[in-house]
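Those protein sequences? They're chains A and B, same order as listed. For the first sequence, the positions run 1 to 114 when my numbering is used. For the second sequence, the positions run 115 to 228 when my numbering is used. Okay, so here's the structure we're looking at.
2 protein chains.
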Amino acid sequence: MSSYQLSEDVKALLKDPNLLIPAIAQDVQTKEVLMLAYVNQQALAHMIETATGTYWSRSRNELWVKGATSGHTQKVLSLALDCDGDALLISVEQIGAACHTGKTTCFHQPVKLG
Amino acid sequence: MSSYQLSEDVKALLKDPNLLIPAIAQDVQTKEVLMLAYVNQQALAHMIETATGTYWSRSRNELWVKGATSGHTQKVLSLALDCDGDALLISVEQIGAACHTGKTTCFHQPVKLG
Numbered sequence: 001m002s003s004y005q006l007s008e009d010v011k012a013l014l015k016d017p018n019l020l021i022p023a024i025a026q027d028v029q030t031k032e033v034l035m036l037a038y039v040n041q042q043a044l045a046h047m048i049e050t051a052t053g054t055y056w057s058r059s060r061n062e063l064w065v066k067g068a069t070s071g072h073t074q075k076v077l078s079l080a081l082d083c084d085g086d087a088l089l090i091s092v093e094q095i096g097a098a099c100h101t102g103k104t105t106c107f108h109q110p111v112k113l114g
Numbered sequence: 115m116s117s118y119q120l121s122e123d124v125k126a127l128l129k130d131p132n133l134l135i136p137a138i139a140q141d142v143q144t145k146e147v148l149m150l151a152y153v154n155q156q157a158l159a160h161m162i163e164t165a166t167g168t169y170w171s172r173s174r175n176e177l178w179v180k181g182a183t184s185g186h187t188q189k190v191l192s193l194a195l196d197c198d199g200d201a202l203l204i205s206v207e208q209i210g211a212a213c214h215t216g217k218t219t220c221f222h223q224p225v226k227l228g
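Structure (structure tokens):
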């Protein structure tokens with residue numbers, strides 16, 4: 001997978017191509033925010049080429065193709081960088097649960113206002 | 115604003131209460147992802163207390179009440195932490211544009227798949 005490289009066009013959109021940046025996966029149909037993970041150049045290049053949800057695992061320090069083990073893959077429909085080029089939004093079709101706990105979304109711990 | 119402090123209950127949900135964590139603002143009605151910024155304890159405590167979109171500005175190194183200058187404030191409807199306690203999802207009613215460019219969302223730079 002180390003052969004995947006980011007094009008100069010995409011690099012130019014990034015604030016700093018060497019940064020790990022947060023990537024938000026959003027369900028294309030329900031619009032639910034499913035998870036937040038991180039991408040580096042290699043992960044982003046792999047995601048662009050394969051249209052498969054791909055991140056950089058900070059804990060394992062390796063490329064992480066979402067669902068490679070669990071089968072809970074993400075088909076990527078579209079990608080957008082933010083105005084600063086330091087955050088990514090991924091529109092996905094999620095197979096199975098996005099969260100390793102089995103829940104639809106990782107954001108399942110409510111914090112009370114007030 | 116330095117008087118706002120996080121409760122022990124909320125601190126217990128965080129992976130590391132001393133980390134700056136990414137916070138995703140999502141429009142409560144359209145479900146559009148509007149922006150990604152960061153919160154520390156102080157910003158999160160201020161957001162919980164005031165139900166107003168509040169972040170920690172990494173560039174200015176100070177509390178940033180979204181819209182304090184532009185008037186483009188965020189009314190916070192609900193908050194949720196992710197399974198790891200190191201990312202936050204904020205459901206907001208956005209007044210005006212979320213992006214400083216005047217666009218609805220900061221994620222307006224498409225990246226082509228391919």
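Ideal placement from N, C-alpha and C gives every residue a C-beta, glycine not left out. Please read these numbers as outputs of a predicted model, since none were measured by experiment.
Give the straight-line distance between the Cα atoms of residue i and residue j, rounded to the nearest whole angstrom.
i	j	result
valine 39 (chain A)	threonine 54 (chain A)	8 Å
lysine 112 (chain A)	serine 192 (chain B)	7 Å
aspartate 84 (chain A)	threonine 183 (chain B)	19 Å
methionine 1 (chain A)	histidine 46 (chain A)	Its pLDDT being 49, under 50, methionine 1 (chain A) is placed unreliably by the model, and the measurement read from it follows with that caveat. In a straight line, the C-alpha of methionine 1 (chain A) is about 7 Å away from that of histidine 46 (chain A).
threonine 187 (chain B)	aspartate 16 (chain A)	28 Å
glutamate 176 (chain B)	glutamine 156 (chain B)	10 Å
aspartate 200 (chain B)	aspartate 9 (chain A)	31 Å
threonine 30 (chain A)	cysteine 106 (chain A)	15 Å
leucine 120 (chain B)	threonine 166 (chain B)	15 Å
alanine 139 (chain B)	histidine 222 (chain B)	15 Å
glycine 67 (chain A)	serine 171 (chain B)	34 Å
leucine 202 (chain B)	arginine 60 (chain A)	22 Å
aspartate 27 (chain A)	isoleucine 204 (chain B)	16 Å
tyrosine 4 (chain A)	threonine 50 (chain A)	10 Å
glutamine 208 (chain B)	glycine 185 (chain B)	10 Å
lysine 11 (chain A)	lysine 125 (chain B)	37 Å
At what residues does the alpha helix (DSSP H) containing residue i begin and finish?
i	result
glutamine 42 (chain A)	41-50
So is residue i in contact with chain B if we call contact Cβ pairs under 8 Å?
i	result
leucine 63 (chain A)	no
lysine 75 (chain A)	no
alanine 80 (chain A)	yes
leucine 20 (chain A)	no
valine 33 (chain A)	yes
alanine 51 (chain A)	yes
Less than 8 Å between the C-beta atoms of residue i and residue j, yes or no?
i	j	result
valine 76 (chain A)	valine 92 (chain A)	yes
alanine 212 (chain B)	leucine 158 (chain B)	no
leucine 36 (chain A)	proline 224 (chain B)	no
threonine 104 (chain A)	glutamate 32 (chain A)	yes
leucine 13 (chain A)	leucine 81 (chain A)	yes
Compare the C-beta of residue i with all C-beta atoms of chain A and state if any pair is closer than 8 Å.
i	result
isoleucine 138 (chain B)	yes
lysine 180 (chain B)	no
alanine 201 (chain B)	yes
valine 124 (chain B)	yes
glycine 185 (chain B)	no
proline 131 (chain B)	no
If residue i and residue j are in contact, beta carbons under 8 Å, what's the gap, nearest whole angstrom?
i	j	result
isoleucine 48 (chain A)	glycine 228 (chain B)	6 Å
Where do the ends of the beta strand (DSSP E) carrying residue i lie?
i	result
glutamate 122 (chain B)	Premise fails: glutamate 122 (chain B) lies in the alpha helix (DSSP H), 122-127, not in any beta strand (DSSP E).
isoleucine 21 (chain A)	21-27
leucine 81 (chain A)	74-81
proline 110 (chain A)	109-111
threonine 54 (chain A)	54-57
serine 205 (chain B)	202-208
glutamate 176 (chain B)	176-179
Near-chain D residues of the stretch 96-112 of chain A - C-beta to any C-beta below 9 Å: Any reference to chain D falls outside this structure, whose protein chains are A and B.
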